[in-house]
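Numbering (the numbering used here), first residue to last: 958 to 1249.
Have a look at this one:
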């Protein structure tokens, strides 16, 4: 699927979130700014919303005709980037034991299974190799290395530095920024997870990855964003291998997420920082236990 088409669908979903929160922009220019896209993409999104009976485009103001329903949204697999698709597929292979320490990874076979190009898979593995999580082998193959306790310690130190810096930037975002709408949605998703965690506790790794991605997205720092890819995979890796008290750990970690989210929504930087520090410390303990 063309990248531009995925961008449009992702922006369409974001616009639905704005409407659901009653914070829809009043013009194409304003919508383009909120979604961080071109005016052409914003106009296409607005026109589609009108065609679907959600929005009425007036000369001076836009009227919301009806609130968005679940069926209005494009499915997640239609809006994620190729990079995100590969990351998700790779993560699921690790979680499901299809890839274990010292497993050999063939570029062509992995690309065929995911449904992407060989070059896209190669770029993804090259990025992971920079963090020594995978190792390049001859003939376009790779090995999943895994990690040691010292590796986990170093990873935690950098993670704390990056994510605490992100808290500072998030607090300073303007009220109309899309992040606050996304954060409110994340809050609802976490509460729903906690409500039904007995049946859905295995969904926590994906919830955790998205939570931390949202925190780091505010940085707009290419190095932090690149690092987040490794963080997501490696911390999901330890969730897979440490099965002791898994349900209890996932529940506690999700509650820690909620503490961070609620402090951010209140624009309480000190409380958000303390809650995030507590959560990262819990994640560090679990990571070290999984290695042992």
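C-beta: ideal position from N, C-alpha, C; glycine also.
Since the model is a prediction, treat every value here as computed from it, not as a measurement.
Next item on the list: Kindly give me the distance between the Cβ atoms of residue 1030 and residue 1002, rounded to whole angstroms, as I take these residues to be in contact under 8 Å.
Entry: Residue mapping note: residue 1030 aligns to position 73 of the chain shown, counting from 1. Residue mapping note: residue 1002 aligns to position 45 of the chain shown, counting from 1. Incorrect: roughly 13 Å between the Cβ atoms, too far for contact.
Notebook entry, point to check: Which class does residue 1094 belong to by DSSP, given the choice of helix, strand or coil?
Noted result: Numbered from its first residue, the chain shown carries residue 1094 at position 137. In the structure shown, residue 1094 sits in a strand (DSSP, three-state: E or B).
Item checked: Cut-off 6 Å between Cβ atoms - residues of its own chain near residue 1241, not counting five sequence neighbours on either side -> As a working note, residue 1241 is residue 284 in the chain shown. Closer than 6 Å at Cβ, skipping near neighbours: 1113.
Check: Any idea if residue 1123 is buried or exposed, counting beta-carbon neighbours within 10 angstroms, 16 or more meaning buried?
Finding: Taking the first residue of the chain shown as position 1, residue 1123 is located at position 166. Buried.
Next item on the list: Leaving out five residues on either side along the sequence, give the residues of the same chain with a beta carbon under 7 Å from the beta carbon of residue 1089.
Entry: Translated into the one-based positions of the chain shown, residue 1089 becomes position 132. Excluding sequence neighbours, residue 1089 sits near 1102.
Check: What are the complete alpha helix (DSSP H) segments, minimum 4 residues, inside the region 979-1052?
Finding: 985-992, 996-1008, 1033-1036, 1039-1052
Check: How many angstroms separate the CA atom of residue 1066 from the CA atom of residue 1008?
Finding: For this step, residue 1066 is matched to residue 109 along the chain shown. For this step, residue 1008 is matched to residue 51 along the chain shown. The straight-line gap from Cα to Cα measures roughly 42 Å.
Next item on the list: Report yes if the C-beta distance between residue 994 and residue 973 is below 9 Å; otherwise report no.
Entry: To locate residue 994, count along the chain shown from 1; it is residue 37. To locate residue 973, count along the chain shown from 1; it is residue 16. Not a contact, by the Cβ cut-off of 9 Å.
Margin query: Rounded to the nearest angstrom, what separates residue 1056 and residue 1134 at their Cα positions?
Written below: Taking the chain shown and counting its residues from 1, the one referred to as residue 1056 is at position 99. Taking the chain shown and counting its residues from 1, the one referred to as residue 1134 is at position 177. Cα to Cα, the separation comes out at about 39 Å.
Item checked: Three-pair Cβ contact test at 8 Å for the region 1218-1237 versus the region 1077-1096 -> no
Check: Which stretch, first to last residue, makes up the alpha helix (DSSP H) that contains residue 1063?
Finding: For the purposes of this step, residue 1063 is taken as residue 106 along the chain shown, with counting starting at 1. No alpha helix (DSSP H) holds residue 1063; the beta strand (DSSP E) holding it covers 1061-1063.
Note to self: Check this for me: beta carbons of residue 1073 and residue 1035, under 9 Å apart or not?
What the structure shows: One-based indexing of the chain shown puts residue 1073 at position 116. One-based indexing of the chain shown puts residue 1035 at position 78. Cβ atoms of residue 1073 and residue 1035: not closer than 9 Å.
Item checked: Helix, strand or coil at residue 1233 according to DSSP, with G and I counted as helix -> One-based indexing of the chain shown puts residue 1233 at position 276. In this structure, residue 1233 counts as helix in the three-state DSSP scheme.
Check: Helix, strand or coil for residue 1223 per DSSP?
Finding: As a first step, residue 1223 is located in the chain shown; it is residue number 266 there, counting from the start. Coil.
Next item on the list: Given a cut-off of 9 Å, decide if residue 1144 and residue 1218 are closer than it, judged by their beta-carbon atoms.
Entry: Taking the first residue of the chain shown as 1, we reach residue 1218 at position 261. Taking the first residue of the chain shown as 1, we reach residue 1144 at position 187. Yes; because the gap between Cβ atoms is below 9 Å, this pair is in contact.
Notebook entry, point to check: Are there 16 or more other CB atoms within 10 angstroms of the CB of residue 1165, so buried, or fewer, so exposed?
Noted result: Position 208 of the chain shown holds residue 1165. By the neighbour-count rule (16 or more Cβ atoms within 10 Å), residue 1165 is buried.
Next item on the list: Given a cut-off of 9 Å, decide if residue 1151 and residue 1250 are closer than it, judged by their beta-carbon atoms.
Entry: The first residue shown for the chain is 958 and the last is 1249, placing residue 1250 beyond what the model contains.
Margin query: Classify residue 1013: buried if its beta carbon has 16 or more other beta carbons within 10 angstroms, exposed otherwise.
Written below: The residue you call residue 1013 lines up with position 56 of the chain shown. When all chains shown are included, residue 1013 counts as exposed.
Item checked: Proximity of residue 1111 and residue 1233 at Cβ, strictly below 9 Å -> Start at 1 with the first residue of the chain shown, and residue 1111 comes out as number 154. Start at 1 with the first residue of the chain shown, and residue 1233 comes out as number 276. No, they are not a contact pair.
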